[in-house]
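J.:
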């Protein structure tokens, strides 16, 4: 059985998230997903996710392509998570290209291209920048 592991915040779930999870699952028999904790996101991105870690975990766990989820507490623990879940393949988005090559002694490391024109940060900025609807009368 081939186990694939990947990680993400998965805030404001969108088609780019679905694409990478489906592509990751296609590489193996089992997909394990680490959901970045609220605390990790505050450190990594300088802001909390809009959705709580519990809600984000529930959303990802209920996807057909995902077999199990866990809470990722630190970027520095990736090797430990790979060992703990018996991962044969680590999948990351290509915005992380090269950052996890040092883990190739533990498992195969694959970087998938991100879905063009889709990003949670861009969605948040768009939503925040929206004004009230114009008078349509």
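Numbering (the UniProt record's numbering), first residue to last: 1 to 137. Glycine included, every Cβ here is placed at the ideal spot set by N, Cα and C. Values in this document were obtained by computation on a predicted structure and should not be read as measured data.
(1) Provide the residue(s) that pair with residue 35 in DSSP beta bridges, ordered along the chain.
(2) Tell me where the alpha helix (DSSP H) around residue 16 begins and ends.
(3) Determine which residues share a DSSP beta bridge with residue 111 and list them.
(4) Per DSSP, what kind of secondary structure is residue 56 in: helix, strand or coil?
(5) As a quick exercise: from 18, 28, 8 and 109, pick the residue whose alpha carbon is nearest that of residue 2.
(6) Quick check on the burial criterion: 16 or more other C-beta atoms within 10 angstroms. Buried or exposed for residue 37?
(7) Between 32, 57, 71 and 112, which has its C-alpha nearest residue 87's C-alpha?
(8) Closer than 6 Å by C-beta to residue 42: which residues in its own chain qualify, once you throw out the five before and the five after it? Chain order, please.
(9) Starting from residue 64, trace the alpha helix (DSSP H) in both directions and tell me its first and last residue.
(10) Give the straight-line distance between the Cα atoms of residue 111 and residue 97, rounded to the nearest whole angstrom.
(11) Could you give the distance in angstroms between the alpha-carbon of residue 11 and the alpha-carbon of residue 50?
(12) CA-CA distance, residue 15 and residue 99?
T.: Looking at the coordinates:
(1) Beta-bridge pairing links residue 35 to 8 and 71.
(2) Going by DSSP, residue 16 is part of the alpha helix (DSSP H) stretching over 15-25.
(3) DSSP lists 92 as partners of residue 111.
(4) Assignment of residue 56 by DSSP, reduced to helix, strand and coil, places it in the helix class.
(5) It is 28.
(6) The residue in question, residue 37, is buried, as its Cβ has 16 or more Cβ neighbours within 10 Å.
(7) Comparing Cα-Cα distances from residue 87 to each of 32, 57, 71 and 112, the minimum goes to 32.
(8) So the list reads 48, once near-sequence residues are dropped.
(9) Where residue 64 is concerned, there is no enclosing alpha helix (DSSP H), given that its DSSP letter is neither H nor E.
(10) Taking the straight line from one Cα to the other gives about 6 Å.
(11) Roughly 7 Å separates the two Cα atoms.
(12) So the two alpha carbons sit approximately 24 Å from each other.
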